[in-house]
Amino acid sequence: MTPTLAMPAFRLTAIQQFHYDKDDPLWQYSGKVMACTFCHVNAKGGAPWNVFGQALQKGFQTNPKAKFADVLYSVLAANGDTDGDGYPDVIEVFAHTLPGDASSKPDKPLAELETEFAAAGGVSQYAPKATEAPTRKRK
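Read in this note's numbering, the sequence shown has 383 at position 10, and its numbers run on one by one without any break.
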């Protein structure tokens with residue numbers, strides 16, 4: 374099975390939590406909806422993690438029993454800019470760019486995106502829903 378078809382539960386959760394599934398009826402089979410490089414350095418996933426992925430890992434270290442959707446939301450709600458490109462991670466999620474890659478940034482100015490983001494519901498639009506609850510398996 375190809376990596377695209379073997380989409381991990383965490384990625385499926387993030388896609389739905391970010392509402393990236395809304396414009397593509399076949400989103401579950403598409404690597405274009407959310408690339409592995411959203412959290413990983415390598416295009417096929419696995420180690421190493423980029424700085425956004427490391428922020429998620431840190432969230433699990435802080436609360437090992439947390440659900441992925443909750444950790445993801447807490448990282449976004451912190452309003453950090455893990456890749457240091459001048460756009461907060463949550464704004465990059467909203468703009469469909471990669472929060473862990475400084476070379477991937479929105480085309481619009483930050484102030485314009487912040488206005489659009491606030492009008493769309495702000496960070497609360499990414500709050501976990503009851504159905505978005507895979508937990509991290511500990512070894």
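All residues carry an ideal CB built from backbone N, CA and C; glycine is no exception. For clarity, every value in this text was computed on a predicted model and none was experimentally measured.
Residue 405 carries a coil assignment under DSSP once its states are collapsed to helix, strand and coil.
In this structure, DSSP gives residue 431 a helical state, which the three-state scheme calls helix.
For the pair residue 394 and residue 388, the CB atoms are nearer than the 8 Å cut-off. By the Cβ neighbour-count rule, residue 434 is exposed, with fewer than 16 other Cβ atoms within 10 Å of its own.
Contact check for residue 462 against residue 490 fails: the beta carbons are separated by 8 Å or more.
Per DSSP, residue 499 lies in no alpha helix (DSSP H) and is assigned neither H nor E. The beta carbon of residue 428 lies closer than 6 Å to those of 448 and 455 in the same chain, with the five residues before and after it left out.
Per the C-alpha coordinates, the member of 451, 472 and 450 positioned closest to residue 460 is 472. The residue among 423, 488 and 385 with its C-alpha nearest the C-alpha of residue 405 is 385.
Cα atoms of residue 432 and residue 451: separation of roughly 11 Å, rounded to the nearest angstrom. Annotation for residue 410: 416, 423, 471, 473 and 474 place their beta carbon closer than 8 Å to its own, counting only its chain and skipping 5 residues before and after.
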